[in-house]
Structure formats: C-alpha cells, structure tokens
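K.L.:
Handing you this structure, nothing more for now.
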Amino acid sequence: MSVSINKVEENKTERLKEIVNHLVQPMGKSGIGFKIWIAFLSILAIAALAMYIKQIQEGLSVTAMRDIASWGIYISNFVFLVAVSLVGSLITAILKLNKIKWATSLTRISEIIAVAAVIFALIIIVVDMGRPERLLNIFMYGRLQSPIVWDIIVVNTYLVISLLLLYLPLIPDLALLRKYKTDVPKWQSELYRILSLGWQGTDEQYKILKKSINILMVLIIPVAFAIHTVTSWLFASTLRPGWDSTIFGPYFIAGAFMVGAAAVVVAMYIFRVKYNYQCYLTDYHFNMMGKLLVLTSLIYLYFNVNEFMVPFYKMKTAESSHIKGLFSGEFSMMFWMVQILGMIIPIILLLFKKFRKPKPMMIIAVIVVIGAFFKRYLIVTPTLLHPFLPVQNYPESYHHYVPSFEEWTITLGSIAGVLLIISVFVKIFPIIPIWEVAHEEGIDNDILNK
Numbered sequence: 006m007s008v009s010i011n012k013v014e015e016n017k018t019e020r021l022k023e024i025v026n027h028l029v030q031p032m033g034k035s036g037i038g039f040k041i042w043i044a045f046l047s048i049l050a051i052a053a054l055a056m057y058i059k060q061i062q063e064g065l066s067v068t069a070m071r072d073i074a075s076w077g078i079y080i081s082n083f084v085f086l087v088a089v090s091l092v093g094s095l096i097t098a099i100l101k102l103n104k105i106k107w108a109t110s111l112t113r114i115s116e117i118i119a120v121a122a123v124i125f126a127l128i129i130i131v132v133d134m135g136r137p138e139r140l141l142n143i144f145m146y147g148r149l150q151s152p153i154v155w156d157i158i159v160v161n162t163y164l165v166i167s168l169l170l171l172y173l174p175l176i177p178d179l180a181l182l183r184k185y186k187t188d189v190p191k192w193q194s195e196l197y198r199i200l201s202l203g204w205q206g207t208d209e210q211y212k213i214l215k216k217s218i219n220i221l222m223v224l225i226i227p228v229a230f231a232i233h234t235v236t237s238w239l240f241a242s243t244l245r246p247g248w249d250s251t252i253f254g255p256y257f258i259a260g261a262f263m264v265g266a267a268a269v270v271v272a273m274y275i276f277r278v279k280y281n282y283q284c285y286l287t288d289y290h291f292n293m294m295g296k297l298l299v300l301t302s303l304i305y306l307y308f309n310v311n312e313f314m315v316p317f318y319k320m321k322t323a324e325s326s327h328i329k330g331l332f333s334g335e336f337s338m339m340f341w342m343v344q345i346l347g348m349i350i351p352i353i354l355l356l357f358k359k360f361r362k363p364k365p366m367m368i369i370a371v372i373v374v375i376g377a378f379f380k381r382y383l384i385v386t387p388t389l390l391h392p393f394l395p396v397q398n399y400p401e402s403y404h405h406y407v408p409s410f411e412e413w414t415i416t417l418g419s420i421a422g423v424l425l426i427i428s429v430f431v432k433i434f435p436i437i438p439i440w441e442v443a444h445e446e447g448i449d450n451d452i453l454n455k
C-alpha cells in the first residue's frame, strides 16, 4: 500500500516539474525576435516621451485641439484603456467567483492586461493636461461635486486592487520559482525571494491567501463598474448632443466587457503559439471566450441601437447635425466601419463554432479591439464639433479635428507602453498560475512544498 502511495506521489512530483518547466519557458533566454519586439516598443515609447516633452515646452498648440474640439485622441485613448482594463474584473472576479474552472489559465493574463492598461490610462490623463503640475490641485482643492474628482479616485482605487489581485496569486509561484528556476540572474532570484514574503505553502497560508483573493474579487467588481460609470459621467453630465444620455453608464460597461474579452483572446493566441501552451490555452478556452465575446457584443450592440435610434427618430436641431455627421457626414465612413466590421460581422461569425477556433478568433478579436479604439474616438470628437450653440467667428480649421503627428505619436507610445509592461512581465514571471494549475491536476500542497 505504501509503495503504491509513494508511486503516486512520485508521479505527481514529476508532473509538477513538467508543469513548472513548461510554464517558465518564456522566462528563458531571450531570442532575437523578442529583442527586436522590445526594441520596437521602446522606440515608440521614447518617441512618445520626446513628443510629450515638446508638448510641455510649446503647450497644447502642438496638438489639433482647439476651443471647439477641446478633447481629442488623448481622451479617446484614455476611455479605450480604461475599457480594456475592465477585463481584470471580468475574468478574475466574475468568472472565478462563479467557479468557472476554465478561467484559471486566463486570470493572470487578464490581470496584467488590466494593470498595464490602467497605468497608462492614468498617464494619459496627465498628458492631456496643458499644465500637468496643476494635477495636485485636484487633491488639494478638488470639489466632490465634480465627476473628474470621482474619476481620479476610482481609477486609482481600481489600480491598487488590480495590483493586489495580480500580486497575491503570484506569491506561491514565486516560491516555486525560487526552488525550481535556478538559472536566472542573481537580481532575479533575489526578487523572487523578496516578493515571495517567506512563503512556506502551509495549508493555513493557502487558506488565508484564497480568502484574501476572494475578498479582493468581490471588491473589484463594484469598483470596476464605478470606474466605467464615472468615466461615462464625464460626458453624460454635460449638455452636449451625443452625450446627453442616461444610459452612458451601462453603455460604457458593456463596451468595456467586449473590448476586454477581445484583448484577452489576442493575448491567449500569442502565448499559445509562441510558447506552445496548447494544453493550457485549449480550443475549449477559445470556444468559451468566443461565446463570451458574442454575449458582450450583443449587449453592446443593443446599447448602440438605443444610443442612436432615439435621437435619430426625434432629430432635434442640435442632435440632428450630430447624427448626420455620423450617419452620412464627415465621420460616416469610420462610424459604419466600426459598427459593421467591429461589431456586427464579429457577432455573426462567432455564432458559428468554426470561427471560435484559435486563429479565426484571434483575427476577429484584433478587429474588435481596433474597432473599439475608433469607437471611443467617435464618442468624443463628433460631439464636440456639434455644440448646442452656433459657433461664430472661428477659422474653418476649428470646425474639424484631425490629430496631429505629436498626438498620434504619444497615443501609439502609450499603447506600446502597455505592451512593453506585459512583455517584460512575461519574461520575469509565469503568465499562467502554476500552483492553481497544479491544484486542478490533483497536486496537493505537500507535493508543492517538497
């Protein structure tokens, strides 16, 4: 009997080593492809920093924003990044709290995407300010009546909780890396030792860890809903055609779930192909994420119909110019491409199982993410160009908005920064939770702690 038990333990130990060796594969020596990728992202980020320094020196005149279009691609990018960050609460909290096991492999992917996106969402807020040093005034003299103050509070709160949800489940893996990953530089080994907080892997420690994670997952859901609701109020609380709507809160949340799910699908495909994670990111995962993407897209499509159908039917003077600008005017091509290519066609395709395979899913998800970015642009810019009151005595150029080279560079640099954080994270930490995968395969704490 004891021989049989020992054999089972040996098999589990060997299986654990296989899991660890497979999941730490991205943390090995960097190939030329990875170095080129990091160099490319770094160049974009440095170029964005150079353009921002120029903007600080010369002011917002280097942008295309003027008195009429006082918000532009920066705010569009902020709303987009905030939307992408909602994936952390969608995968980590909502699915995990419902004990959906297939979400285990996706939790860390979703959390690092959320953390990276919300970090640069905060940075973009500062970039959009003509006088960034006055940001402190919000904390010193901020008025609680202002949605801007609420937005700053909830975005920072969401970042803190997301960081904790990323870090706490990482602790047991750090202890495993300290033991199994011995071929790393000394600074990296020391980093694992410090961040693992002396983790021993006792049953009591796991109990406390799981309880803490569950509390954070419960907390992040209302905060995630708040961050998108408050962000929507920045627009909805103003008297402008296109923004004067009571459904902006759920409208923004639905759109965030859609783009967040699509962002995870893109990351899943890259990690699956690059690191041979077919056994952890299976066809079943893509099938389920495809169904989730269809569901979130259908909800968002419903809000889109509501958002445009009512003002289109009433056609008030101010609303009519805004609607005409979207449907058949200056922004019509972008509008219909976003609606058809970025939403309707993906929904139709993903209803069929053959399109919920990894490669088709990745292509569809990329289109959805790109469409979601331009959708945020359409939320911000056309409304500003169609105010309630007539605009007089302004140059013709003020009636249009085309982002300047500096704006595009900074925007692309911020997205490069998000990808840079994710890429560096994958080289230092396992992107799929080792201990959770081990637990799901029946490897208990005693084996993990040997």
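Reminder that position 201 of the sequence shown reads as 206 in our numbering, one-by-one numbering, no gaps. Glycine included, each C-beta is placed from N, C-alpha and C at the ideal position.
#1: Using a threshold of 7 Å, state whether the C-beta atoms of Lys41 and Phe430 are closer than that.
#2: Within the same chain, show all residues whose beta-carbon is closer than 6 Å to that of Trp238, passing over the 5 residues directly before and after it, in chain order.
#3: Please say whether Leu95 and Phe125 have beta carbons closer to each other than 7 Å?
#4: Out of curiosity, what's the CA-to-CA distance linking Ile37 and Ile43?
#5: Have a look at Glu445 and Pro31 and give me their C-alpha separation to the nearest angstrom.
#6: Alpha carbon to alpha carbon, what distance is there between Ile225 and Val235?
#7: For Met348 and Ile51, what's the separation of their Cα atoms in angstroms?
#8: Looking at the secondary structure, which residues open and close the alpha helix (DSSP H) in which Gln193 lies?
#9: For Ala229, collect the residues of the same chain with a Cβ closer than 6 Å to its Cβ; drop the 5 residues on either side in sequence, then sort them by chain order.
#10: Within 8 Å, do at least three Cβ pairs link the region 287-302 to the region 101-114?
#11: For Asn26, name the three-state secondary structure that DSSP assigns.
#12: Excluding the five sequence neighbours on either side, which residues of its own chain have a C-beta within less than 7 Å of the C-beta of Ile59, listed in chain order?
#13: Does Ile384 come out as helix, strand or coil in the three-state DSSP assignment?
#14: So which of Tyr305, Leu214, Thr243, Leu286 has the shortest CA-CA distance to Pro255?
#15: Taking only runs that begin and end inside the region 28-74, name each unbroken alpha helix (DSSP H) of 4 or more residues, in chain order.
#16: Can you have a look at Tyr318 and say buried or exposed, based on whether 16 or more other CB atoms are within 10 angstroms of its CB?
#17: Start and end of the alpha helix (DSSP H) containing Ala261?
#18: Would you give the residue range spanned by the alpha helix (DSSP H) that Gly93 belongs to?
#19: For the region 71-85 and the region 378-389, state whether three or more C-beta atom pairs, one from each stretch, are separated by less than 8 Å.
#20: Ala266 to Tyr285, Cα distance in whole Å?
#21: Return the chain-ordered list of same chain residues with a C-beta closer than 6 Å to the C-beta of Met6, the five sequence neighbours on each side being excluded.
P.N.:
Put simply:
#1: As a working note, residue 41 is residue 36 in the sequence shown. As a working note, residue 430 is residue 425 in the sequence shown. As written in the sequence, residue 41 is Ile, which differs from the Lys given in the question. Not a contact, by the Cβ cut-off of 7 Å.
#2: Counted from its first residue, the sequence shown places residue 238 at position 233. For Trp238, the CB contacts under 6 Å within the same chain, skipping 5 residues up- and downstream, are Pro152 in chain order.
#3: For this step, residue 125 is matched to residue 120 along the sequence shown. For this step, residue 95 is matched to residue 90 along the sequence shown. Cβ distance not < 7 Å, so Phe125 and Leu95 don't count as in contact.
#4: On the sequence shown, position 32 is the one that residue 37 refers to. On the sequence shown, position 38 is the one that residue 43 refers to. In a straight line, the C-alpha of Ile37 is about 10 Å away from that of Ile43.
#5: Residue mapping note: residue 445 aligns to position 440 of the sequence shown, counting from 1. Residue mapping note: residue 31 aligns to position 26 of the sequence shown, counting from 1. Rounded to the nearest angstrom, the gap between the Cα atoms of Glu445 and Pro31 is 22 Å.
#6: Translated into the one-based positions of the sequence shown, residue 235 becomes position 230. Translated into the one-based positions of the sequence shown, residue 225 becomes position 220. About 15 Å.
#7: Against the sequence shown, residue 348 aligns to sequence position 343. Against the sequence shown, residue 51 aligns to sequence position 46. Going by the C-alpha atoms only, they are around 34 Å apart.
#8: Locating residue 193 in the sequence shown gives position 188, where the first residue counts as 1. Membership of Gln193 in the alpha helix (DSSP H) is indicated by the continuous run 191-200.
#9: In the sequence shown, residue 229 corresponds to position 224, counting from 1. Excluding sequence neighbours, Ala229 sits near Leu91, Ser94.
#10: With the cut-off at 8 Å, the region 101-114 and the region 287-302 touch.
#11: The residue labelled residue 26 in the question sits at position 21 within the sequence shown. Asn26: helix per DSSP, three-state reduction.
#12: In the sequence shown, the residue the question calls residue 59 occupies position 54. At residue 59 the sequence reads Lys, which differs from the Ile that was named. Val67, Glu411, listed in sequence order.
#13: Indexing the sequence shown from 1 puts residue 384 at position 379. If DSSP states are grouped into helix, strand and coil, Ile384 belongs with the helices.
#14: Locating residue 255 in the sequence shown gives position 250, counting from the first residue. Its Cα nearest to that of Pro255, the residue Tyr305 stands out among Tyr305, Leu214, Thr243, Leu286.
#15: You should have 37-63.
#16: Position 313 of the sequence shown holds residue 318. Classification for Tyr318: exposed.
#17: The residue you call residue 261 lines up with position 256 of the sequence shown. Boundaries of the alpha helix (DSSP H) around Ala261: 253-280.
#18: Your numbering for residue 93 matches position 88 in the sequence shown. The continuous stretches of alpha helix (DSSP H) do not include Gly93, and DSSP gives it neither H nor E.
#19: Result yes; three or more Cβ-Cβ pairs closer than 8 Å.
#20: Position 261 of the sequence shown, counted from the start, is the residue given in the question as residue 266. Position 280 of the sequence shown, counted from the start, is the residue given in the question as residue 285. Answer to the nearest angstrom: the Cα atoms are 18 Å apart.
#21: Position 1 of the sequence shown, counted from the first residue, corresponds to residue 6. Residue placement at Met6 is poorly supported in this model, since its pLDDT is 48, which falls under 50; the coordinates are not used for a value here.
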